[in-house]
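J.:
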Amino acid sequence: MEKGAMFLEIAKKAHEDLSRHYHDLHNDIPHMKPTEDKEWIKKYGTDRVDIAGVDYFSLPSDWQRERLLGAKIALEAVIGFAKEPLSLDSSFVEKISEILHSRWLDRNNLRADETQKLPYAQLPESEKEKDRFFVRRAIEAYLIGKQEVVFDTAR
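Okay, so the sequence shown: first residue is 1160 according to my numbering, each after it adds one.
Right, dumping it as structure tokens:
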């Protein structure tokens, strides 16, 4: 599978995980967020979207892009660190999640709430889990991609 397709698959699955996680924590209360996607705003007549209430492809373009960036950062970190003699275990997930959170904060510091601005180690478990979704999906995609490479070279 090509990297672009892997990014998209990770973003889509992580979005599904994030939506389920939000609904589990907040009893199906809408998770309203602003969007700057002019076409989406024109189509729906509002600049607010329930990001946990729509599938990935129904998200405004700015929210799709945010999910894709998370997927890209997670997969590239997994690929980079997987070359080292490390196990793809929970400590690996935490290491990559910390990187992902730091990069997310670089992009989203102005819209992050005070809890989200904390260093990864100090985040509540519910916030850490958001980063872990991307990392677990990236590991899954990496392992599937690695198997495809093995199968391709075995021909």
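The C-beta atom is built at its ideal place from N, Cα and C for all residues, glycine as well.
None of these values were measured; they are calculated from a predicted model.
Going by DSSP in three states, residue 1270 sits in which element: helix, strand or coil?
T.: Looking at residue 1270 - three-state DSSP - the assignment turns out to be coil, as it is neither helix nor strand.
J.: Buried or exposed: residue 1185, going by 16 or more other Cβ atoms within 10 Å of its Cβ?
T.: That one is exposed.
J.: Pick from 1304, 1264, 1274, 1230: whose alpha carbon is nearest that of residue 1176?
T.: For the residues 1304, 1264, 1274, 1230, the minimum Cα distance to residue 1176 belongs to 1230.
J.: The beta strand (DSSP E) with residue 1192 in it runs from where to where?
T.: Per DSSP, residue 1192 belongs to the beta strand (DSSP E) from 1191 to 1193.
J.: Assign residue 1312 to one of two classes, buried (16 or more other C-beta atoms within 10 Å of its C-beta) or exposed (fewer than that).
T.: The predicted position of residue 1312 is uncertain, since its pLDDT is 38 and thus under 50; a value taken from the coordinates is nonetheless stated next. Exposed, by the Cβ-count rule.
J.: When we look at the beta-carbon of residue 1223 and count the other beta-carbons within 10 Å, is it buried (16 or more) or exposed?
T.: Buried, by the Cβ-count rule.
J.: Using the Cβ count rule (16 or more neighbours within 10 Å means buried), how would you classify residue 1164?
T.: Residue 1164 should be labelled exposed.
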